[in-house]
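Visitor: In my numbering, the protein residues as written are 294 to 822.
Glycine included, C-beta positions come from ideal geometry on N, C-alpha and C.
For reference, the structure I am asking about is given below.
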């Protein structure tokens with residue numbers, strides 16, 4: 294089966310669901326927990342839940358928020374909202390306090406679906422947003438909030454016809470982590486999801502014979518868009534519980550998965566585990582794995598039999614950089630995908646020569662292939678899309694062969710002794726040490742102004758990292774100014790739900806009484822100053 298390709302005015306979820314239901318009928322499509330739907334079943338669910346939303350007074354443009362782990366109700370709301378023109382707002386269930394209050398106030402949902410264990414966390418929100426009319430509590434929860442009585446999750450209603458949804462209409466509002474300010478709600482239109490499915494499906498070589506498997510959360514763009522990776526190509530998707538290193542390969546084998554998704558520190562965590570009979574007892578052939586160190590590609594292929602595909606995309610953009618003709622230079626993000634334009638620019642948005650670090654800015658050729666802005670944040674939207682280019686906040690280098698190499702997040706850059714230090718490059722060197730399972734580098738204040746480099750390190754199971762040995766390991770692999778001065782051994786790094794390190798937490802922890810200091814506890818010789 295060739296991938297479903299649609300003209301510009303038909304790039305919407307209702308059209309995709311209708312077309313694939315007609316073409317594929319009872320072919321298995323998506324499984325969440327104990328529930329599995331065929332292509333026809335997903336189209337029917339969209340119409341039925343759309344009817345339930347209509348009966349609840351929710352229509353086109355209304356926001357429907359949900360705080361839950363990967364479960365069927367979240368998928369049902371995604372289908373129903375897409376069918377009726379309502380907007381799904383999935384909220385990270387770990388969101389708390391002022392951040393949760395901000396997200397709810399900013400989104401202004403008309404209905405909120407929440408797991409019972411999370412209802413008490415709503416008490417930290419001063420008052421419900423004025424738009425909120427319904428509180429749907431899952432699993433028979435009977436605790437209300439803010440004067441709203443709890444209602445059961447709506448049962449499927451009388452099916453309704455699909456709304457006349459346009460490609461630029463907002464499908465989801467996805468909130469960023471908000472590590473440097475209030476979380477921003479990214480307005481993701483229908484056509485953007487179509488292009489995510491088209492491009493990533495192409496990168497992974499997805500066919501109708503594939504089984505896709507994700508442990509990533511459905512409030513994250515990667516997992517939501519995996520639905521499109523499968524649907525456009527007639528494949529099957531299994532949405533699993535959150536990542537577990539000890540059970541990862543077993544779950545893949547049980548689902549007969551052939552394609553999976555890895556983010557953050559997951560690749561390193563899996564590679565540093567002891568060998569197991571489960572390492573090869575699966576059918577997985579390829580994994581989407583952004584920002585994987587070059588050294589791990591061969592190791593992953595040799596040990597697990599899985600090819601890693603690096604690529605670059607953001608919630609605000611699309612899959613804009615990736616492999617070319619199925620090939621990729623390891624250690625790079627890939628080359629520009631057709632249909633997009635990219636520049637590497639300086640602080641004044643002037644393009645810099647190949648080989649020179651600068652900020653990556655992007656734009657799309659096709660309408661609505663990118664997000665349309667930040668919900669109710671016009672100033673932040675204007676700043677991010679200034680000069681008609683989306684500013685990613687990522688520092689990259691474009692190589693002469695057209696490959697793009699990631700350097701760091703601009704806000705993660707460390708300034709030491711007049712030199713710019715890439716936290717990402719320091720982390721890649723730390724991860725090369727055989728006893729390091731995970732690592733993060735952050736700036737901490739220096740007595741001499743600017744920054745010092747601090748490394749937070751998790752030891753591989755059954756080992757203990759020696760800080761002085763680790764620093765010596767870094768000396769031969771990093772410029773002297775980039776070698777960490779401080780090392781803190783920790784049990785785990787603070788992670789977001791999708792595996793990214795919460796660096797603001799580490800910066801706030803900073804140097805403590807348990808921190809190893811190279812200038813106090815180690816040998817400062819060797820050019821490490």
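1. Got a sec? Which residues, its chain only, sit under 6 Å from residue 565 by beta carbon, not counting five neighbours each side?
2. Should residue 300 and residue 375 be called a contact, given that it needs their Cβ atoms to be closer than 8 Å?
3. Thinking residue 504 and residue 531 are a contact (beta carbons under 8 Å), I'd like their distance in whole angstroms, please.
4. Helix or strand or just coil, what does DSSP make of residue 670?
5. Under 7 Å Cβ to Cβ from residue 488, same chain only, skipping five residues before and after it: list those, please.
6. Quick check: the Cα distance between residue 910 and residue 522, rounded to an integer number of angstroms?
7. Suppose contacts are defined by Cβ-Cβ distances below 8 Å. Is residue 309 in contact with residue 380 by that definition?
8. Using the DSSP secondary-structure output, state which residues sit across from residue 781 in a beta bridge.
9. Identify the continuous beta strand (DSSP E) that holds residue 330 and give its terminal residues.
10. Drop a sphere of 10 angstroms on the beta-carbon of residue 807, count the other beta-carbons inside from all chains shown, and report buried for 16 or more, exposed for fewer.
11. If you draw a straight line from the alpha carbon of residue 600 to that of residue 615, how long is it in whole angstroms?
12. Helix, strand or coil for residue 553, going by three-state DSSP, please let me know.
13. Looking only at its chain, what residues have a beta carbon closer than 7 Å to the beta carbon of residue 820, apart from the 5 residues adjacent to it on each side?
14. With a threshold of 6 Å on Cβ separation, who are the neighbours of residue 717 within its own chain once the five nearest residues in sequence on each side are excluded?
15. For residue 757, count neighbouring Cβ atoms within 10 angstroms of its own Cβ and tell me buried if that reaches 16, exposed if not.
16. Assuming contact is defined by CB atoms lying nearer than 8 Å, are residue 732 and residue 750 in contact in what I supplied?
17. When the Cα atoms are used, what is the spatial distance from residue 665 to residue 341?
18. State the Cα-Cα distance for the pair residue 449 and residue 420, rounded to the nearest angstrom.
19. Quick one: Cα of residue 295 to Cα of residue 333, how far?
20. Terminal residues of the continuous alpha helix (DSSP H) containing residue 518?
21. What are the partner residues of residue 809, as DSSP defines its beta bridges?
22. Less than 6 Å between C-beta atoms, sequence neighbours within five positions excluded: which residues of the same chain meet that for residue 344?
23. What residue does the beta strand (DSSP E) around residue 399 start on, and which one ends it?
24. Do the CB positions of residue 368 and residue 586 come within less than 8 Å of each other?
25. Can you look up residue 600 in the DSSP assignment and give me helix, strand or coil?
26. Determine contact between the segment 351-358 and the segment 318-333, defined as no fewer than three beta-carbon pairs at a distance below 8 Å.
27. State the start and end residues of the unbroken beta strand (DSSP E) segment that holds residue 373.
28. Pull up the distance between the alpha-carbon of residue 699 and that of residue 635, whole angstroms please.
29. Taking the alpha-carbon positions, what's the residue 763 to residue 726 distance?
30. Which value, in whole angstroms, describes the spacing of the CA atoms of residue 629 and residue 746?
31. Report yes if the C-beta distance between residue 529 and residue 760 is below 8 Å; otherwise report no.
32. Can you give me the C-alpha to C-alpha distance between residue 638 and residue 384, rounded to a whole angstrom?
33. Hey, out of 767, 812 and 655, whose CA is closest to residue 613's CA?
34. Just mark residue 680 as buried or exposed, buried being the case when its beta carbon has 16 or more other beta carbons within 10 Å.
35. Helix, strand or coil for residue 350? Go by DSSP, reduced to three states.
36. Is residue 302 buried or exposed, if buried means 16 or more other CB atoms sit within 10 Å of its CB?
Guide: Reading it off the structure:
1. 730 and 753
2. no
3. A Cβ-Cβ distance of about 6 Å is found for the pair residue 504 and residue 531, placing them in contact under the 8 Å criterion.
4. In the three-state reduction of the DSSP assignment, residue 670 falls in the coil class, being assigned neither a helical nor a strand state.
5. The residues are 611, 659 and 662.
6. Nothing about residue 910 can be reported from this structure: the residues present for the chain run from 294 to 822 only.
7. It is not a contact, given that the beta carbons lie outside the stated cut-off.
8. 749
9. 328-331
10. exposed
11. 14 Å
12. Residue 553 falls in the strand class under three-state DSSP.
13. Residue placement at residue 820 is poorly supported in this model, since its pLDDT is 40, which falls under 50; the coordinates still yield a value, given next. Answer for residue 820: 773, listed in chain order.
14. 701
15. exposed
16. yes
17. 29 Å
18. 30 Å
19. The alpha-carbon atoms of residue 295 and residue 333 are separated by roughly 19 Å.
20. 514-524
21. For residue 809, which the question treats as bridged, DSSP gives the partners 780.
22. 450, 451, 452 and 453
23. Segment 390-400 is the alpha helix (DSSP H) holding residue 399; no beta strand (DSSP E) there.
24. Pairing residue 368 with residue 586 gives a Cβ-Cβ distance that is not under 8 Å.
25. strand
26. Short answer: they don't touch.
27. No beta strand (DSSP E) holds residue 373; the alpha helix (DSSP H) holding it covers 365-377.
28. 14 Å
29. 7 Å
30. 33 Å
31. no
32. 33 Å
33. 655
34. Exposed, because fewer than 16 other Cβ atoms sit within 10 Å of the Cβ of residue 680.
35. Look at residue 350 here: in three-state DSSP terms it is coil, with no helix or strand label.
36. exposed
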